[in-house]
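Visitor: Below is one structure. I have some questions about it.
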Amino acid sequence: MLADTPMNDELPERLTRLEDAVRRAGETLVRLRDENERLRRDVRRLDDERRQVVGQIDAILKDIGRLDLGDGT
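When the count follows the numbering used here, it moves up by one through the sequence shown with no breaks and lands on 73 for the last residue.
Take a look at the structure:
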């Protein structure tokens, strides 16, 4: 049997602190996973918006290219 020493007296407190740390780590992991998924959705949305803008710019540039802007000569 283990003698009552300062080390053994600290074990329940250390175990409680460890359990609390594990719980906080789990909560943080869940929060970070949720945030990561939200950021991935944002990236997909922004990528779609970027493609739309690039398409619009390309269309504008083609229209400009078709204009007869003659240089007056």
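Just so it is clear, CB atoms sit at the ideal spot from N, CA and C, and this is done for glycine as well.
As the structure is a prediction and not an experimental result, all values here were calculated from the model.
(1) Just the Cα atoms here: how many angstroms apart are Val30 and Glu37?
(2) Could you compute how far the alpha carbon of Leu18 sits from the alpha carbon of Arg24?
(3) With a floor of 4 residues, list each alpha helix (DSSP H) that falls wholly inside the stretch 28-71, ordered by position along the chain.
Guide: So, from the data block:
(1) 11 angstroms
(2) 10 angstroms
(3) none
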